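Visitor: According to our numbering, the sequence shown holds residues 954 to 1130 in order.
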Amino acid sequence: MIPSLGLVVKYGADTTVTEAQTQIMICTHLKGQVPVPRVFGWTEDGGQVFIYMSLIEGETLQERWGDMNENERRFVCEELKCMVKAWRSLEQDRHDHYVGSLGRQPLNEIFLLSHPNITGPFQGANAVQQFQDACGIKINGEAPIVFTHDDLVPPNILLSSGPNPRVAAIIDWGQAG
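(1) Decide yes or no for the touch test of the region 994-1004 against the region 1020-1032: beta carbon pairs closer than 8 Å, at least 3 of them.
(2) Tell me whether S1007 sits in a helix, a strand or coil according to DSSP, three-state version.
(3) Tell me which residue opens and which closes the alpha helix (DSSP H) that A966 is part of.
(4) First and last residue of the alpha helix (DSSP H) that includes F1028?
(5) Check whether the Cβ atoms of R1041 and V1099 lie closer than 8 Å to each other.
(6) Excluding five sequence neighbours on each side, which residues of the same chain lie with their C-beta closer than 6 Å to the C-beta of A1039?
(7) Could you pull out every residue in the same chain whose Cβ sits closer than 7 Å to the Cβ of M954, ignoring the five residues on either side in sequence?
(8) Taking all protein chains shown into account, decide if L958 is buried (16 or more other Cβ within 10 angstroms of its Cβ) or exposed.
(9) Give a yes or no on whether the C-beta atoms belonging to I1110 and L1014 are separated by under 8 Å.
(10) Keeping to the same chain, check which residues put their C-beta closer than 6 Å to that of I979; ignore five residues upstream and five downstream.
(11) Considering only C-alpha positions, which residue in the set E1010, A1122, Q1045, Q976 is nearest to P956?
(12) In whole angstroms, what separates the C-alpha of G999 from that of E1025?
(13) For R1017, I'd like the list of residues in its chain whose CB is within less than 8 Å of its CB, leaving aside the five on either flank, ordered along the chain.
(14) Could you tell me the distance, in whole angstroms, from the CA atom of I1123 to the CA atom of D1020?
(15) Among the candidates E997, G994, R991, Q976, whose CA atom is the shortest distance from the CA of T1101?
Here you go:
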């Protein structure tokens, strides 16, 4: 973190170019609906990816929740509901199905990392069925393939400081797809 420049550099074993591209896509397609740090660029060095993005001031929902009153909690939950609805509205072309991360990359789902055979991407008209078969699950009925964050937990939700907190940013898009 470089506060004087308003910059965060994210890096580590789980940081990928796809995460940076996902944040750019969310910022482009859902501007004003889902706040995300602006990605300035990324580089790869020594097998690691470094993402350069804007610093969003605030505290995580995990840090603030215990001190929030019922009205503040309800308001933040409503904001989150609208954001989830917005990114789930990003449906694929009905003639070009796949289950995976942005750019037809495999899912970077933490629970699937030890099972690379089920991270996909799964492609074609039966992409959802392929995913279900690989995971050993069954989803009844027709469901569209939609975009999801897949790690929307309190530490990944930044709130504005002060009274009446608002969602300032949704971070950590590494598992999205």
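For glycine and all other residues, C-beta sits at the position ideal for the given N, C-alpha and C. This structure is a prediction, so every number in the text was calculated from the model and none was measured.
Guide: Answer, in terms of the structure:
(1) Verdict: no, contact absent.
(2) The count along the sequence shown starts at 1 and reaches residue 1007 at position 54. If DSSP states are grouped into helix, strand and coil, S1007 belongs with the strands.
(3) Locating residue 966 in the sequence shown gives position 13, where the first residue counts as 1. No alpha helix (DSSP H) contains A966, which DSSP labels as neither H nor E.
(4) On the sequence shown, residue 1028 is found 75 positions in, with the first residue counted as 1. 1023-1041 is the span of the alpha helix (DSSP H), which, as asked, contains F1028.
(5) Translated into the one-based positions of the sequence shown, residue 1041 becomes position 88. Translated into the one-based positions of the sequence shown, residue 1099 becomes position 146. Against a cut-off of 8 Å, the Cβ pair of V1099 and R1041 comes out as a contact.
(6) Mapped onto the sequence shown, residue 1039 falls at position 86. Contacts found: L983, Q986, V987.
(7) Within the sequence shown, the letter at position 1 stands for residue 954. Cβ within range, chain order: V961, L1008.
(8) Numbered from its first residue, the sequence shown carries residue 958 at position 5. Exposed, since its Cβ has fewer than 16 Cβ neighbours within 10 Å.
(9) Reading the sequence shown from its first residue, position 157 is the one you call residue 1110. Reading the sequence shown from its first residue, position 61 is the one you call residue 1014. The answer is yes: Cβ separation under 8 Å.
(10) Looking up residue 979 in the sequence shown gives position 26. Cβ neighbours of I979 beyond the five flanking positions: V987, V989.
(11) For this step, residue 956 is matched to residue 3 along the sequence shown. Per the Cα distances, E1010.
(12) The residue labelled residue 999 in the question sits at position 46 within the sequence shown. The residue labelled residue 1025 in the question sits at position 72 within the sequence shown. About 44 Å.
(13) Taking the sequence shown and counting its residues from 1, the one referred to as residue 1017 is at position 64. These residues qualify, in order along the chain: L1112, P1118.
(14) Translated into positions along the sequence shown, residue 1123 becomes position 170. Translated into positions along the sequence shown, residue 1020 becomes position 67. If I take the Cα positions, the gap works out to 20 Å.
(15) On the sequence shown, residue 1101 is found 148 positions in, with the first residue counted as 1. Taking only the C-alpha atoms, the option nearest T1101 is Q976.
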